[in-house]
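Engineer: Just passing along the structure, written as structure tokens.
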Amino acid sequence: MAGKPKLHYTNGRGKMESIRWLLAAAGVEFEEEFIEKKEDLEKIRNDGSLLFQQVPMVEIDGMKMVQTRAILSYIAGKYNLYGKDLKERAWIDMYVEGTTDLMGMIMILPLQPADTKAKHLALIIERATTRYFPVYEKALKDHGHDYLVGNKLSWADIHLLEAILMAEECKADILSAFPLLQAFKGRISNVPTIKKFLQPGSKRKPQPDEKYIANVRKIFNV
Amino acid sequence: MSGKPKLHYFNGRGRMETIRWLLAAAGVEFEECFVEAKDDLVKLQKGGSLLFQQVPMVEIDGMKMVQSRAIANYIAAKYNLYGKDLKERALIDMYVEGMTDLNELIMGHTFQPAEKKEQHFATIVDRATNRYFPVYEKVLKDHGQDFLVGNRFSRADVQLLETILAAEECKPDILAKFPLLQSFKARTSNIPTIKKFLQPGSQRKPPLQEKDVKRVMEIFH
Numbered sequence: 001m002a003g004k005p006k007l008h009y010t011n012g013r014g015k016m017e018s019i020r021w022l023l024a025a026a027g028v029e030f031e032e033e034f035i036e037k038k039e040d041l042e043k044i045r046n047d048g049s050l051l052f053q054q055v056p057m058v059e060i061d062g063m064k065m066v067q068t069r070a071i072l073s074y075i076a077g078k079y080n081l082y083g084k085d086l087k088e089r090a091w092i093d094m095y096v097e098g099t100t101d102l103m104g105m106i107m108i109l110p111l112q113p114a115d116t117k118a119k120h121l122a123l124i125i126e127r128a129t130t131r132y133f134p135v136y137e138k139a140l141k142d143h144g145h146d147y148l149v150g151n152k153l154s155w156a157d158i159h160l161l162e163a164i165l166m167a168e169e170c171k172a173d174i175l176s177a178f179p180l181l182q183a184f185k186g187r188i189s190n191v192p193t194i195k196k197f198l199q200p201g202s203k204r205k206p207q208p209d210e211k212y213i214a215n216v217r218k219i220f221n222v
Numbered sequence: 001m002s003g004k005p006k007l008h009y010f011n012g013r014g015r016m017e018t019i020r021w022l023l024a025a026a027g028v029e030f031e032e033c034f035v036e037a038k039d040d041l042v043k044l045q046k047g048g049s050l051l052f053q054q055v056p057m058v059e060i061d062g063m064k065m066v067q068s069r070a071i072a073n074y075i076a077a078k079y080n081l082y083g084k085d086l087k088e089r090a091l092i093d094m095y096v097e098g099m100t101d102l103n104e105l106i107m108g109h110t111f112q113p114a115e116k117k118e119q120h121f122a123t124i125v126d127r128a129t130n131r132y133f134p135v136y137e138k139v140l141k142d143h144g145q146d147f148l149v150g151n152r153f154s155r156a157d158v159q160l161l162e163t164i165l166a167a168e169e170c171k172p173d174i175l176a177k178f179p180l181l182q183s184f185k186a187r188t189s190n191i192p193t194i195k196k197f198l199q200p201g202s203q204r205k206p207p208l209q210e211k212d213v214k215r216v217m218e219i220f221h
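What follows is the structure, given as structure tokens:
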């Protein structure tokens, strides 16, 4: 019955990566079933596994959960990464929505037509350094704690680390104006479950390459 | 304690409407401060009121909350519209995310360039009638209860009604094949707080008109 959660997605980051991060950080082992061609997606559509005909889908605790945010909220709630009360949850939600917006921009970069790619990348860097990172830098500065919310590791910290690493893949020195985020990155990367996830051989997925993007376009008709 | 929640947004539906619906359904009176020109938005940004320089922003319980999902989650939980446990919350979240996707698709219609409008309309109708409404019809059919989750009124019911009405504004007979959704619509519309919100003079906003698109774009772009 309980078994390990089973993730259904393509063999790449996309919208499933944040879920992999959260499960890994919570120390939860999981299995993956990869959609490698269009027929694989059609199969789980036709057998009624996908509530809205879409992936990500995660089999967990007897449910076939869909919708990235629903899945993440459930995992965060289940593994005590969602704060201790309503107000802490509110702050975690606000912070996570910010990092979701930033990572969403980065995620679609490879799908941009060649002539707008440079402009899109510039916008990512501008938003990261003037809209998003200053907020998290200030949050850490104001309370002086190791974690974003409630002086305890939460979903917000894990999501921020993921966003930082993705942003650094866009521009290696993107944290140069943010000393507290640099220290945060070092600290959170050393949390044992996260350290393990950051090592080669883990279920963390690499950056998408041309071949992966071409396959994703074929499978999802984008 | 802190007075009524205060909503900061432009005078239209957008990403604030779901929040208006939730507060109204919970019987919570609220005030609104409208962003009518770019200067109003700049003023809020410069004043440090907007965590990520964006609206919606809702002043509630001593917080200046931003991010529509965070705000909606907080209100739903505070007013007991978010299920009784983690699993009910999971179902509510899944259903609500589907409705949000459909609602955003519908809202995007007014912003489509003329040559794409017809195709976009067809996509809305296809998604509503083949992807989303069948799910909620089946949920109601399978458990035979009045509400989507846990045999109790929740944010999922509020948002489903909101989405149904928005879809009907696109195509009045869009619920033709969904008898249970039709009775759900009637039943939920009669809940006293919701009935009040549906009456003229409430804080419910009308759909965006073509003529307002330019003005809205000027504020936000």
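One line per chain: the protein sequences are A and B, in this order. Using UniProt numbering, you'd call the opening residue of the first sequence number 1 and step up by one each time. Using UniProt numbering, you'd call the opening residue of the second sequence number 1 and step up by one each time. Built from N, CA and C at the ideal position, the CB exists for glycine as well.
1) Listed in chain order, which residues of the stretch 61-79 of chain A have Cβ atoms closer than 7 angstroms to some Cβ of chain B?
2) Please list the partners that Y132(A) has in chain B, where partner means a Cβ-to-Cβ separation under 9 angstroms.
3) For F30(B) versus F10(B), is the C-beta distance shorter than 8 angstroms?
4) Excluding the five sequence neighbours on either side, which residues of its own chain have a C-beta within less than 7 angstroms of the C-beta of C170(A), listed in chain order?
5) Enumerate in chain order the residues of its own chain whose CB-to-CB distance from Y132(B) is below 6 angstroms, with the five nearest sequence positions on each side excluded.
6) With distance defined between alpha-carbon atoms, name the residue in K6(A), N11(A) and L7(A) nearest to I219(A).
7) Could you work out which residues of chain A lie near V66(B), taking near to mean beta carbons separated by less than 7 angstroms?
8) Quick one, which of R89(A), V216(A), A172(A) and K141(A) has its alpha-carbon nearest A183(A)'s?
9) Does the Cβ of P56(A) have 16 or more other Cβ atoms within 10 Å, making it buried, or fewer, making it exposed?
10) Starting from the C-beta of A139(A), find all residues in its chain whose C-beta is less than 7 angstroms away, skip the five residues before and the five after it, and write them out in chain order.
11) Answer yes or no: do G150(A) and K64(A) have a C-beta to C-beta separation smaller than 8 angstroms?
12) By the three-class DSSP mapping on this structure, what secondary structure does M103(A) have?
13) By Cβ distance, which residues of its chain are closer than 7 angstroms to T163(B), with the 5 residues on each side in sequence left out?
14) If you scan the UniProt domain "GST N-terminal" (3-83) of chain B from start to end, which runs of the alpha helix (DSSP H) of 4 or more residues do you find wholly inside it?
15) Taking 7 angstroms as the cut-off, does the CB of A122(A) come closer than this to any heavy atom belonging to the ligand HEM?
16) Assuming V66(A) is part of the beta strand (DSSP E), what are its boundary residues?
17) Which runs of the alpha helix (DSSP H), 4 residues or longer, sit entirely within the stretch 103-128 of chain B?
18) Whole-angstrom Cβ separation of I174(A) and A128(A), contact assumed at under 8 angstroms?
19) Could you work out which residues of chain B lie near E97(A), taking near to mean beta carbons separated by less than 7 angstroms?
20) Which residues, taken in chain order from the UniProt domain "GST N-terminal" (3-83) of chain B, show a beta carbon closer than 7 angstroms to some beta carbon of chain A?
21) Residues of chain B with CB under 9 angstroms from A177(A), in chain order?
22) Taking CB distances under 8 angstroms as the criterion, tell me whether A26(A) reaches chain B.
23) So what does DSSP say about F197(B), is it helix, strand or coil?
24) Could you check the C-alpha separation between A166(B) and I106(B) for me, to the nearest Å?
25) Closer than 7 angstroms by C-beta to L23(A): which residues in its own chain qualify, once you throw out the five before and the five after it? Chain order, please.
26) Quick one, are the C-beta atoms of S202(A) and K196(A) less than 8 angstroms apart?
Structural biologist: Quick answer:
1) M63, M65, V66, Q67, R69, A70, S73, Y74, G77 and K78
2) Within the first sequence, the letter at position 132 stands for residue 132(A). Under the 9 angstroms cutoff, chain B gives F52.
3) Locating residue 30(B) in the second sequence gives position 30, counting from the first residue. Locating residue 10(B) in the second sequence gives position 10, counting from the first residue. Against a cut-off of 8 angstroms, the Cβ pair of F10(B) and F30(B) comes out as no contact.
4) As a working note, residue 170(A) is residue 170 in the first sequence. Around C170(A): I106, L121, I124 and I125.
5) Locating residue 132(B) in the second sequence gives position 132, counting from the first residue. Excluding positions up to five away in sequence, the list reads G98 and L102.
6) By 1-based counting over the first sequence, the position of residue 219(A) is 219. Taking only the C-alpha atoms, the option nearest I219(A) is N11(A).
7) Indexing the second sequence from 1 puts residue 66(B) at position 66. By Cβ distance, chain A contributes M94.
8) Taking the first sequence and counting its residues from 1, one reaches residue 183(A) at position 183. Of R89(A), V216(A), A172(A) and K141(A), the residue nearest in Cα terms is K141(A).
9) Within the first sequence, residue 56(A) is the residue found at index 56, counting from 1. P56(A) comes out buried.
10) Counting from one through the first sequence, the residue named residue 139(A) turns up at place 139. Contacts found: L148.
11) Against the first sequence, residue 150(A) aligns to sequence position 150. Against the first sequence, residue 64(A) aligns to sequence position 64. Not in contact: G150(A) and K64(A) (Cβ atoms no closer than 8 angstroms).
12) Within the first sequence, residue 103(A) is the residue found at index 103, counting from 1. Note: M103(A) maps to helix in three-state DSSP.
13) Stepping through the second sequence from its first residue, residue 163(B) is reached at position 163. Taken in chain order, the residues that qualify are M99, L102 and N103.
14) For the UniProt domain "GST N-terminal" (3-83) of chain B, whole alpha helix (DSSP H) runs of length 4 or above, ordered along the chain, are 17-25, 38-46 and 68-78.
15) Ligands displayed in this structure: none; no statement on the ligand HEM is therefore possible.
16) On the first sequence, position 66 is the one that residue 66(A) refers to. Element bounds for V66(A): M63 to V66.
17) Runs found: 117-126.
18) What you label residue 174(A) is simply residue 174 of the first sequence in a count that begins at 1. What you label residue 128(A) is simply residue 128 of the first sequence in a count that begins at 1. That belief holds up - the Cβ atoms of I174(A) and A128(A) are roughly 6 angstroms apart, short of 8 angstroms.
19) Working through the first sequence from its first residue, we reach residue 97(A) at position 97. Q67, R69 and A70, listed in chain order.
20) Correct list: L51, F52, Q53, M63, M65, V66, Q67, R69, A70, N73, Y74, A77 and K78.
21) The residue given as residue 177(A) occupies position 177 in the first sequence. Chain B residues near A177(A): none, gap ~17 angstroms exceeds 9 angstroms.
22) Numbered from 1 along the first sequence, position 26 holds the residue referred to as residue 26(A). Not an interface residue.
23) Locating residue 197(B) in the second sequence gives position 197, where the first residue counts as 1. In this structure, F197(B) counts as helix in the three-state DSSP scheme.
24) Working through the second sequence from its first residue, we reach residue 166(B) at position 166. Working through the second sequence from its first residue, we reach residue 106(B) at position 106. Straight-line measurement puts the Cα of I106(B) at about 7 angstroms from the Cα of A166(B).
25) By 1-based counting over the first sequence, the position of residue 23(A) is 23. Once the five neighbours on either side are set aside, the close Cβ partners of L23(A) are P5, F30 and I75.
26) Indexing the first sequence from 1 puts residue 202(A) at position 202. Indexing the first sequence from 1 puts residue 196(A) at position 196. When the beta-carbon positions are compared, S202(A) and K196(A) come within less than 8 angstroms of each other.
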